[in-house]
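One structure is given here, and the rest of the page talks about it.
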Amino acid sequence: FYVGSGDEGWGIEVFPFWPPRISTEAWTSTEAARLAAEYVKSLGLTAPKIGLELEFWTANAWDTLRAQLPGAVFVDSTEILEELRAAKTSDELDQLRKAAASIVDSMVATFHWLREGMTETEIVEHLRIEETGRGLDYGFTLIATGPTFGRGPSSRQIRNGEVISIDTGGHWHGYLADMARMGVLGEPTALMKELLDQVSAVQAAARTPIKAGALGGGIYDSARQALESCPNRAAIHFVAHGMGLIPHEAPRLTATGPIPYPAKHAKRPLETGMVLSIETHVKHPDVGFVKLEDTVVVTESGWEAFGDWGRGWNQPG
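One point on numbering: in the working numbering, the residue at position 166 of the sequence shown is 170, and numbering is uninterrupted.
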């Protein structure tokens, strides 16, 4: 069964999904918990054992559920449910493929639209319109222009010869695409090309060991080897992580990434259908922030990259 908010009913009429019993009557978290408890009671179980993803429960909903079901035993099922979601079904992969393609198409269209003097906030707003126009639920955009490293949209105007780094995410039917691409206003300099080539080399190396049965940590081993041959290796940062419904989920491959969590899957084999976000960036004081972020799915014999275009220097026009 599914308990949703009161305004979800309209969308479910258009896009129905699989639960046999769906309620969209709740307008508060406590009401949602009460409705869930009513359904559990209707099953006639005297002492049910109920798994919850406790990280996503509000305190008042948790209190309501326990009060309504005093005989129940509650356990934290976050880890086991994440493990079950780690390998995506073919339908889920179709949603992620569509999400990635729409995100990249939106970025490429925005790069083509750019003109000198536009502000970062104007660029982000145009990108949002591109994404929602393709049916995505807009999520976020990080942008850096010129020789700057801060990625919050500002009133800074772009100038000819400057780079534009866009990192953006949005959902398609609940599934997330989070990608990064580069643009330049004018022709890229030799240094710009060299920096993006180094980022691309690390990204390519990270893909090399990916296939079902290979250890997850091999992705990091291969990326580190490529980093060693990069002239700007001291300024290059690499991370790979699972994604799907949220930006960071299983497989969890490192304990030293920007979001701390145990590297539970580094020494475990990758599975067909696991989806990875692979990202590399470099900061250079004369160029700015140069980044690629790609979406790669594990297959039986290797990998498939979703939305795998626009990875060079995108230009206006």
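Note that CB positions come from ideal geometry on N, CA and C, so glycine has one too.
When we look at the beta-carbon of residue i and count the other beta-carbons within 10 Å, is it buried (16 or more) or exposed?
| i | result |
| --- | --- |
| Asn-64 | exposed |
| Glu-120 | exposed |
| Leu-189 | buried |
| Tyr-265 | exposed |
| Arg-315 | buried |
| Ala-37 | buried |
| Ala-238 | exposed |
Shortest alpha-carbon distance to residue i belongs to which of the options?
| i | options | result |
| --- | --- | --- |
| Val-108 | Glu-29, Lys-92 and Gly-174 | Gly-174 |
| His-130 | Gly-143, Met-111, Gly-277 and Leu-195 | Met-111 |
| Gly-246 | Ala-184, His-269 and Ile-168 | His-269 |
| Glu-135 | Gly-165, Lys-102, Thr-123 and Gly-156 | Lys-102 |
| Ala-105 | Gly-15, Glu-42, Thr-299 and Pro-320 | Thr-299 |
| Glu-87 | Gly-248, Val-291, Phe-293 and Val-7 | Gly-248 |
| Ala-227 | Leu-200, Ala-210 and Thr-50 | Ala-210 |
Identify the residues that DSSP records as bridge partners of residue i: which are they?
| i | result |
| --- | --- |
| Trp-307 | Val-302 |
| Leu-296 | Thr-284 |
| Ser-226 | Looking at the DSSP assignment, Ser-226 forms no beta bridge with any residue, so it has no partner. |
| Gln-1 | The first residue shown for the chain is 5 and the last is 321, placing residue 1 beyond what the model contains. |
| Gly-187 | Ile-168 and Asn-318 |
| Gly-221 | According to DSSP, which records beta bridges pairwise, Gly-221 is partnered with nothing at all. |
| Glu-253 | Gly-246 |
| Thr-145 | Thr-172 |
| Ala-30 | Ser-9 |
| Gly-55 | Val-79 |
| Pro-273 | Leu-219 |
| Asp-290 | According to DSSP, which records beta bridges pairwise, Asp-290 is partnered with nothing at all. |
Would residue i pass as a contact of residue j if the rule is Cβ separation under 9 Å?
| i | j | result |
| --- | --- | --- |
| Ala-309 | Val-302 | no |
| Ile-240 | Val-286 | yes |
| Met-196 | Ile-168 | no |
| Ala-184 | Leu-296 | yes |
| Leu-118 | Ile-127 | yes |
| Gln-202 | Asn-236 | yes |
Distance check for residue j and residue i, CA to CA, integer angstroms please.
| i | j | result |
| --- | --- | --- |
| Ile-250 | Arg-89 | 11 Å |
| Phe-144 | Thr-172 | 6 Å |
| Ala-113 | Phe-21 | 32 Å |
| Trp-31 | Gly-13 | 12 Å |
| Gly-277 | Thr-284 | 22 Å |
| Asp-312 | Thr-82 | 32 Å |
| Ser-46 | Leu-39 | 11 Å |
| Glu-324 | Gly-178 | Because the chain is modelled from 5 through 321, residue 324 falls outside the range shown and cannot be assessed. |
| Thr-28 | Asn-318 | 44 Å |
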